[in-house]
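Engineer:
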Amino acid sequence: MDGTQPVVVFPSALISRKCPRLALEALAHAPDVRLQFAHGGPQESMLRRVAKRLGVADRVDFLGKVPRAELFERLAQASAALFTGVREEGGLALAEALSLGTPVVVLSVGGARTLGRAAPDPTRVALIDPYDPRGARAALGAAMVRFVRRPVVDRSPNLDAAAAEARLISLVGSAIGCRLEAPPARSAAALRQFQDHPPLSPVASATGGDR
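Residue numbering for the sequence shown follows this note's numbering, starting at 167 and increasing by one per position.
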C-alpha cells in the first residue's frame with residue numbers, strides 16, 4: 167500500500183455468501199475510501215462490472231488471493247477490514263482481523279456478531295444491522311468513513327476468544343434446549359497463544375478454506 171489513500175481491506179472470498187457486491191454498494195457511500203479485495207473467487211468478473219456501474223472502479227483493487235503473510239500485513243496497515251457476509255457461522259477472517267487489532271466493519275449476524283460483541287474494545291468494532299438493506303449500505307459506508315477519518319491508534323489485539331466461545335456455547339444451548347459445557351482443553355494459555363499468533367486454523371490453511 168502506498169499510503170496515498172486510506173484503505174479498507176475485504177479479506178474474504180468473492181463468493182455469494184460473503185456478499186462482496188454489498189461491499190461495493192457500501193463503498194459508493196464512502197467517499198475517499200479505497201477498497202481492496204484481498205481474495206479471489208467466481209464473482210470477480212461481475213464485481214468489476216458492478217464497480218464500473220457504481221462509479222467506484224477507480225477506488226477498488228482486485229488483488230486475487232494474496233499470501234497469508236501479506237494479508238496480515240495489509241490488515242495491520244489498513245484503516246479497517248470489511249465483512250459483509252450474511253451467513254457467518256464462525257468468521258475465521260474476522261477473528262484474524264480482531265487478533266491483529268484492526269478496526270472492523272461487520273454485518274451483525276451469526277458468529278460474526280458474537281465475535282464483534284465479545285471484543286474488549288467496542289470502539290474498534292462497527293456492527294451493522296443487516297435487516298434494513300438500504301440503510302445497511304449507508305451504515306457500512308459511514309462506518310468505513312469514520313475509521314478512515316479518525317484513524318485508530320490502539321492496534322492491540324481485540325479478540326476475546328474465551329468470551330466469544332462462551333457466548334456461542336450459550337446460544338447453541340438455548341437453541342437446542344439444554345446446557346452445554348465448554349471443552350476443558352481450551353486453557354487460558356492456549357487462548358493467549360491464539361491471540362498472539364494470527365494464523366488461526368492449520369486445517370483452513372492447508373485446504374485453502376474460503377475464510
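Glycine included, every Cβ here is placed at the ideal spot set by N, Cα and C.
Check whether the segment 273-291 touches the segment 193-213, taking contact to mean three or more Cβ pairs, one atom from each stretch, closer than 8 Å.
Structural biologist: Taking 8 Å as the limit for Cβ pairs, the verdict is that the segment 193-213 does not touch the segment 273-291.
Engineer: CB-CB under 7 Å to Ala355, same chain, minus the five flanking residues each way: which ones, in chain order?
Structural biologist: Working through the sequence shown from its first residue, we reach residue 355 at position 189. Confidence is the limiting factor: at Ala355 the pLDDT is only 45, short of 50, which leaves the residue's position unreliable, though a coordinate-based value still follows. No residues qualify anywhere along the chain.
Engineer: When you compare each of Gly230, Pro177, Glu236 and Asp320 to Gly267 by their alpha carbons, which one comes out closest?
Structural biologist: To locate residue 267, count along the sequence shown from 1; it is residue 101. It is Asp320 whose Cα lies nearest to the Cα of Gly267.
Engineer: For Pro186, which residues in the same chain have their Cβ closer than 8 Å to its Cβ, ignoring the five residues on either side in sequence?
Structural biologist: Reading the sequence shown from its first residue, position 20 is the one you call residue 186. Hits under 8 Å: Phe176, Ser178, Leu180, Phe203, Gly207, Gln209, Leu213 and Thr250.
Engineer: Given a cut-off of 7 Å, decide if Ala246 and Pro269 are closer than it, judged by their beta-carbon atoms.
Structural biologist: For this step, residue 269 is matched to residue 103 along the sequence shown. For this step, residue 246 is matched to residue 80 along the sequence shown. Yes, these two residues count as a Cβ contact at 7 Å.
Engineer: Tell me the DSSP bridge mates of Val173?
Structural biologist: If you number the sequence shown from 1, residue 173 lands on position 7. Val173 is bridged to Arg200.
Engineer: Taking the C-alpha atoms as reference points, what is the distance between Phe238 and Ala263?
Structural biologist: As a first step, residue 238 is located in the sequence shown; it is residue number 72 there, counting from the start. As a first step, residue 263 is located in the sequence shown; it is residue number 97 there, counting from the start. About 8 Å.
Engineer: Nearest-angstrom Cα distance between Asp326 and Val318?
Structural biologist: Stepping through the sequence shown from its first residue, residue 326 is reached at position 160. Stepping through the sequence shown from its first residue, residue 318 is reached at position 152. Rounded to the nearest angstrom, the two C-alpha atoms are 19 Å apart.
Engineer: Could you give the DSSP three-state label for Arg183: helix, strand or coil?
Structural biologist: As a working note, residue 183 is residue 17 in the sequence shown. The answer is helix: DSSP assigns Arg183 an H, G or I state.
Engineer: Taking 6 Å as the limit between beta carbons, can you name the residues of its chain near Ala189, skipping five residues before and five after?
Structural biologist: Along the sequence shown, read from residue 1 onward, the residue named residue 189 stands at position 23. Taken in chain order, the residues that qualify are Phe176, Leu248 and Thr250.
Engineer: Smallest Cα separation from Ala217: which of Val252, Asp298 and Leu193?
Structural biologist: As a first step, residue 217 is located in the sequence shown; it is residue number 51 there, counting from the start. Of the listed residues, the one whose Cα sits closest to Ala217 is Leu193.
Engineer: May I ask you to list the residues that DSSP assigns as paired with Leu220?
Structural biologist: Position 54 of the sequence shown, counted from the start, is the residue given in the question as residue 220. The partner list for Leu220 (beta bridge, DSSP) is empty, contrary to what the question assumes.
Engineer: Would you give the residue range spanned by the alpha helix (DSSP H) that Leu248 belongs to?
Structural biologist: Indexing the sequence shown from 1 puts residue 248 at position 82. DSSP places Leu248 outside any alpha helix (DSSP H); the residue lies instead in the beta strand (DSSP E), whose first and last residues are Ala246 to Phe249.
Engineer: Within its chain, find whatever has a CB closer than 8 Å to the CB of Arg200; leave out the 5 residues flanking it on each side and keep chain order.
Structural biologist: Here residue 200 is taken as the residue at index 34 of the sequence shown, counted from 1. Gln171, Pro172, Val173, Val174, Arg225, Val226 and Asp227, listed in sequence order.
Engineer: Would a C-beta distance cut-off of 7 Å place Gly282 and Ala196 closer than the cut-off?
Structural biologist: Taking the first residue of the sequence shown as 1, we reach residue 282 at position 116. Taking the first residue of the sequence shown as 1, we reach residue 196 at position 30. Result no, Cβ atoms of Gly282 and Ala196 do not sit closer than 7 Å.
Engineer: How far does the alpha helix (DSSP H) with Ala284 in it reach, from first residue to last?
Structural biologist: As a first step, residue 284 is located in the sequence shown; it is residue number 118 there, counting from the start. Counting along the chain, Ala284 falls outside any alpha helix (DSSP H), and DSSP gives it neither H nor E.
Engineer: What are the boundary residues of the beta strand (DSSP E) that includes Ser292?
Structural biologist: For the purposes of this step, residue 292 is taken as the residue at position 126 of the sequence shown. Per the sequence presented here, residue 292 reads as Ala, with Ser not at that position. Counting along the chain, the beta strand (DSSP E) containing Ala292 begins and ends at Val291 to Ile294.
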